[in-house]
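Below is one structure, written out as structure tokens, with a few remarks after it.
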Amino acid sequence: MNSLVKRRGFYYALAVAIPTFYLYLQSSNVTTSVFSIAVTFAMPLALAAMVGIMCERTGIVNIGIEGTLLLTSFVAFYAAIATKSILIGFCIAMATGVAMSLLLALMSVTWKMDQIIAGTILNILATGLTSFFYIQGNMLPNMFKQKPIPGLSNIPFFGDVLFKHGVLMYLGFVVILTLYFALFHTSWGLRSRAVGEHPSAADTAGVSVSKLRYINVAVAGAIGGLCGSYLVLELVGSWNRGFTAGKGFTALALMIFGRWNPLGALAAAMFFGLSQAGANQLMIDGTVNIPPQFVGILPYVMVIIVLAISAGKVRPPAAEGQPYEKGQG
Amino acid sequence: MSALLEVTGVTKRYPGVVANDNISLTVNAGEVVALLGENGAGKSTLLKAVFGLVKPDSGEIKIGGTPIVFGDTAGVIARGVGMVHQHFQLVPVMTVTENIILGGEPKRGLFINKKAARDEILALSKRYGLEVDPDAVIEDLPVGMQQRVEILKALRKDVKLLILDEPTAVLTPQEIDELLEVIRNLAKSGVGIVLITHKLHEVMAVADRVVVLRGGKLVGATSPKETDEAGLAQMMVGRSVVLQVNRTEAKRGAVVLEVKGLQVLDDRKLLMVKGVDLSLHSGEILGVAGVEGNGQRELVEAICGMRNRESGEVLLKGVPTKNLNPHAVHEAGISHVPEDREKHGLISTYSIADNLILNQFDQAPFAKGWIRDLSAIAKNAVETVAKFDIRTPSAFNTASSLSGGNKQKVVVARELSEDLPVLIAAQPTRGVDVGSIEFIHNQLIAARDKGAAVMLVSAELDEILSLSDRIAVMSGGKIVAVLDSKGADRNYIGRLMAGLKE
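Keeping their order, the protein sequence lines are chains E and S.
So for the first sequence, my numbering puts the first residue at 1; every next one is plus one.
So for the second sequence, my numbering puts the first residue at 1001; every next one is plus one.
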């Protein structure tokens, strides 16, 4: 099973690498810039998917990711302006993410509420708060600047694509890789997955289900804060109403497509980012002579197609969405 | 030295029911104590209390002389109490190793030391003579093997007290013998064992002492030396139970159901039913005997429209039932008590009342056109709950709130409610207590006497022998013999089941 997954991953990688190499030979500048832009599109989606993975692997459905991104990006923006420090903005955004997560955990773990409703509450809360407090015409003091990593950034192609970004992007990669190893190779990961699959099995083995759910959901909130900060403080630099434009929901689809595996979700996000960056490039080139709106929906259409193909085969964590009652089952 | 487990005056009330009423008992090192009681007698509640999973309203539980704290499951485990739960506490998508080390993982730095874990499992399985494949994924394993993993999981923590909750309910006869041997060996090595089971001969075979619960109360303590199976049954139910079913001569009528050359694949796409011919007459019970996994499940599912047929046909009163879905098969006149009541028999989140009409929800009197008639459904529920002695505070509680035996009564009640010409009952008394078994058996006989053709599939040979008019023995996907039950020889059938020729 595991080797099968690895082999399939290898084929996917090959299927991307060969045409990429061909394009790179054709026009190295354009290919490199498309991939580099694709990474910046992919990172927020991948991080948002990590929020989902953290929660769902322990059995908590989080459809409030969109709200978390919206509110944390908003807070990052205004906190950075108010304190004139993007670093403080970033920290406050992380704290806000944790706070929203704790609210989700309180509703779904302690109060055993329906988790879809709990997530919807987060989304409505975020939309309401940000719309109410939004003031036009503010400017960030500065942004997280591009910091090429010495040495690594000189590698042809990969250096430009992966190692010429800001601090938050690098932090994002660290988070994703750490999460992957933690989930599949540490006690914490084994216990988290057990809680998400069969909570009473974990409970009878002496693992505290609610404690672990609280911790994981809280950490997920911090990752949400990182994601919101990246969007506003490193990628875009300004904030407007509906800033996150459904990224939190797209991330849920990518999480499923990536089979609740951090690397899978990262690959799915890259696929999405690439189709978006590729579509943009086609518009700029004028290669295709169709209205830009159609090109704009291309990535979404591809995600729908891919999801529809893979949907029947995926298997979510078995205990997802169910409050755990001690002493039942 | 203090007792391993000391329960003093434990009481636990749930809304509408006293699950445990002032229960006291002790278990010492090296002894096997059987805890008996009907479904819903309060055994599970008591055990959950021991583990700190349920908080007793009053009373005290001591392990090795010190009281336990509610919620401190980890503390209870640390003091050497292990449990093999009735519903396996295994994560289906994880490996044997991962399941066993969960909660106490060997580490190397930050990471789990997977090699050490694997070696440990191999050593453990060797030490207790319980062979397992450490890398197998749980959901791919047969239940007997899954249970082994459960036992190893408990043994890994150096248990002093091992609690086994209905460990044999899902095992084949061979697996049961092996398990009883394991239990004896563990007791010999000084482990205290609490065995919960409904199978009285197992109690007689391994227990040193027997404690009986009824209606939440402790009603007696005895030992296999002082009593026999009938005596135990009487203590459990509170009245004398006829372990032998009383039945009159069958009034065998015409052939109702005919199976001709049926071949069926199993989930792995292997041929599991290899050409079965059977005829079922009205007014008789045909028992299908066989060790589990010899094609009985696939045979039943194919007849009931739950599984595709590879070849062959099934005729109901001479009419082929080809390609009918389960609903259409039911409409045609076959009722079915499925083997797995949780999966196919009930919708556990629905009320008992709704579960009782699942097969007729769209028909009068339970529906008028598109509208459900809730008062007719309620009336039916109240009547059926009383008639079938389904123990529940209310007919409108969810089916999941019922104990195993009462769930099974709901399924049987529903399937018998229409007097259809054919009844297929697969493992109808699995995991069900003595009192409920007696009741279900009588219902099957009553259905037969009303003229139904009954096919009884069971892994319990005693059940087959006591109920059937004719016995078909299934082995290796084939019917190897059809015998008249009168004068049938138990040993001979046993040999046929094992696949031995004459």
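Cβ atoms here follow ideal geometry from the backbone N, Cα and C, with glycine treated the same way.
Does the Cβ-Cβ distance between Leu1257(S) and Glu1310(S) come in under 8 Å?
For the purposes of this step, residue 1257(S) is identified with residue 257 of the second sequence, where counting begins at 1. For the purposes of this step, residue 1310(S) is identified with residue 310 of the second sequence, where counting begins at 1. No, the pair does not count as a contact, with Cβ atoms beyond the cut-off.
Buried or exposed, going by whether 16 or more other CB atoms sit within 10 Å of the CB of Lys1012(S)?
Here residue 1012(S) is taken as the residue at index 12 of the second sequence, counted from 1. Looking at its Cβ environment, which holds 16 or more other Cβ atoms inside 10 Å, Lys1012(S) is buried.
Would you mind stating whether Thr186(E) and Phe1111(S) have Cβ atoms separated by less than 8 Å?
Position 186 of the first sequence holds residue 186(E). Position 111 of the second sequence holds residue 1111(S). Their beta carbons are under 8 Å apart, which means Thr186(E) touches Phe1111(S) by this criterion.
Output yes or no for whether 8 Å exceeds the beta carbon distance between Val1411(S) and Val1300(S).
Locating residue 1411(S) in the second sequence gives position 411, counting from the first residue. Locating residue 1300(S) in the second sequence gives position 300, counting from the first residue. Contact flag unset, no.
To the nearest angstrom, how far is it from the Cα of Asn29(E) to the Cα of Gly286(E)?
By 1-based counting over the first sequence, the position of residue 29(E) is 29. By 1-based counting over the first sequence, the position of residue 286(E) is 286. Approximately 17 Å, taken between the alpha carbons.
Closer than 8 Å, CB to CB, is Gly1064(S) near chain E or not?
As a working mapping, residue 1064(S) is identified with position 64 in the second sequence. Taking Cβ atoms only, chain E never reaches closer than 8 Å to Gly1064(S), which makes this a no.
Does the beta-carbon of Gly1103(S) have 16 or more other beta-carbons within 10 angstroms, so that it is buried, or is it exposed?
Locating residue 1103(S) in the second sequence gives position 103, where the first residue counts as 1. Buried, since its Cβ has 16 or more Cβ neighbours within 10 Å.
By how many angstroms is the C-alpha of Glu1150(S) removed from the C-alpha of His1327(S)?
Counted from its first residue, the second sequence places residue 1327(S) at position 327. Counted from its first residue, the second sequence places residue 1150(S) at position 150. If I take the Cα positions, the gap works out to 37 Å.
Against chain S: residues of the region 272-294 of chain E by CB proximity under 8 Å:
none
Give the range of the alpha helix (DSSP H) segment to which Leu103(E) is assigned.
For the purposes of this step, residue 103(E) is identified with residue 103 of the first sequence, where counting begins at 1. Where Leu103(E) is concerned, the enclosing alpha helix (DSSP H) stretches over 86-105.
Partner residues on chain E for Met1145(S), Cβ-Cβ distance less than 9 Å
In the second sequence, counting from the first residue as 1, residue 1145(S) sits at position 145. Taking a Cβ-Cβ threshold of 9 Å, none of the residues of chain E is close to Met1145(S); the smallest such distance is about 16 Å.
Counted within 10 angstroms of its Cβ, other Cβ atoms place Tyr78(E) as buried (16 or more) or exposed
By 1-based counting over the first sequence, the position of residue 78(E) is 78. It counts as buried.
Identify every residue that forms a DSSP beta bridge with Thr1008(S).
Taking the second sequence and counting its residues from 1, one reaches residue 1008(S) at position 8. According to DSSP, which records beta bridges pairwise, Thr1008(S) is partnered with Glu1060(S).
Chain A partners of Leu1090(S), CB-CB under 8 Å?
Absent here is chain A; the protein component of the structure consists of chains E and S.
Quick check on the DSSP output: the alpha helix (DSSP H) that includes Thr204(E) runs from which residue to which?
For this step, residue 204(E) is matched to residue 204 along the first sequence. Where Thr204(E) is concerned, the enclosing alpha helix (DSSP H) stretches over 199-204.
So His1281(S) is in the alpha helix (DSSP H); what residue range does that whole segment cover?
Start at 1 with the first residue of the second sequence, and residue 1281(S) comes out as number 281. It is not in any alpha helix (DSSP H) - His1281(S) instead sits in the beta strand (DSSP E) that spans 1271-1281.
Hey, quick one: how far does the beta strand (DSSP E) through Arg1214(S) stretch, first residue to last?
Within the second sequence, residue 1214(S) is the residue found at index 214, counting from 1. Here the beta strand (DSSP E) through Arg1214(S) covers 1209-1214.
For Phe163(E), name the three-state secondary structure that DSSP assigns.
In the first sequence, residue 163(E) corresponds to position 163, counting from 1. The answer is coil: DSSP assigns Phe163(E) none of H, G, I, E or B.
Unbroken alpha helix (DSSP H) run spanning Ile63(E), endpoints
In the first sequence, counting from the first residue as 1, residue 63(E) sits at position 63. From DSSP, Ile63(E) is part of no alpha helix (DSSP H); its letter is neither H nor E.
By the criterion of Cβ-Cβ separation under 7 Å, what are the contact partners of Ala1074(S) in chain E?
For the purposes of this step, residue 1074(S) is identified with residue 74 of the second sequence, where counting begins at 1. Within chain E, the residues near Ala1074(S) are Gly206.
Pair within 8 Å by beta-carbon distance, Glu1298(S) and Val1264(S):
Translated into positions along the second sequence, residue 1298(S) becomes position 298. Translated into positions along the second sequence, residue 1264(S) becomes position 264. In this structure, Val1264(S) lies closer than 8 Å to Glu1298(S) by Cβ.
Skipping 5 residues on each side, what residues in its chain have a beta carbon closer than 7 Å to that of Phe90(E)?
Taking the first sequence and counting its residues from 1, the one referred to as residue 90(E) is at position 90. Result list for Phe90(E): Ala76, Ser229, Leu233, in chain order.
Could you give the DSSP three-state label for Gly1016(S): helix, strand or coil?
Residue 1016(S) sits at position 16 when you count from the first residue of the second sequence. The answer is coil: DSSP assigns Gly1016(S) none of H, G, I, E or B.
Strictly under 8 Å for the Cβ-Cβ distance: is Ser131(E) near chain S by that measure?
Within the first sequence, the letter at position 131 stands for residue 131(E). Not closer than 8 Å to any Cβ of chain S, the Cβ of Ser131(E) fails to qualify, so no.
Do you know how far the Cα of Met1235(S) is from the Cα of Ala1019(S)?
Position 19 of the second sequence holds residue 1019(S). Position 235 of the second sequence holds residue 1235(S). Spanning the two alpha carbons is a distance of roughly 18 Å.
Quick one: what's got a C-beta closer than 6 Å to Tyr324(E)'s C-beta in the same chain, skipping five residues either side?
Numbered from its first residue, the first sequence carries residue 324(E) at position 324. Within the same chain, Tyr324(E) has close Cβ partners Pro199, Val209.
Tell me which residues of the region 173-186 of chain E have at least one Cβ-Cβ distance to chain S shorter than 7 Å, keeping chain order.
Answer set for the region 173-186 of chain E: His185, Thr186.
Candidates Leu1402(S), Gly1231(S), Ala1207(S), Lys1407(S): which alpha carbon is nearest Leu1164(S)'s?
Here residue 1164(S) corresponds to residue number 164 of the second sequence, with the count starting at 1. Nearest of Leu1402(S), Gly1231(S), Ala1207(S), Lys1407(S) to Leu1164(S), Cα basis: Ala1207(S).
For Val1054(S), three-class secondary structure by DSSP:
Here residue 1054(S) refers to the residue found at position 54 of the second sequence. Correct three-state label for Val1054(S): coil.
How should Ala219(E) be labelled, buried or exposed, when 16 other C-beta atoms within 10 angstroms of its C-beta is the threshold for buried?
Locating residue 219(E) in the first sequence gives position 219, where the first residue counts as 1. Ala is not the amino acid found at residue 219(E); the sequence shown has Val there. Label assigned to Val219(E): buried.
Would the beta-carbon of Thr1398(S) fall within 8 Å of that of Ser1348(S)?
Along the second sequence, one-based indexing puts residue 1398(S) at 398. Along the second sequence, one-based indexing puts residue 1348(S) at 348. In this structure, Ser1348(S) lies closer than 8 Å to Thr1398(S) by Cβ.
Assign Thr1392(S) to one of two classes, buried (16 or more other C-beta atoms within 10 Å of its C-beta) or exposed (fewer than that).
Within the second sequence, numbered from 1, the residue matching residue 1392(S) stands at position 392. So Thr1392(S) counts as buried.
Nearest neighbour of Ile86(E), chosen from Asn154(E), Trp111(E), Gly67(E), Val167(E) [CA to CA]
Here the question's residue 86(E) lines up with position 86 in the first sequence. Minimum Cα distance to Ile86(E) is reached at Val167(E).
Under the rule that 16 or more other beta-carbon atoms within 10 Å means buried, what is Phe272(E), buried or exposed?
Working through the first sequence from its first residue, we reach residue 272(E) at position 272. Under this definition Phe272(E) is a buried residue.
Specify the secondary structure class of Leu1025(S) as computed by DSSP and reduced to three states.
The count along the second sequence starts at 1 and reaches residue 1025(S) at position 25. Of the three classes helix, strand and coil, the one that applies to Leu1025(S) here is strand, per DSSP.
Taking only three categories from DSSP, how would you classify Gln293(E)?
Start at 1 with the first residue of the first sequence, and residue 293(E) comes out as number 293. Helix.
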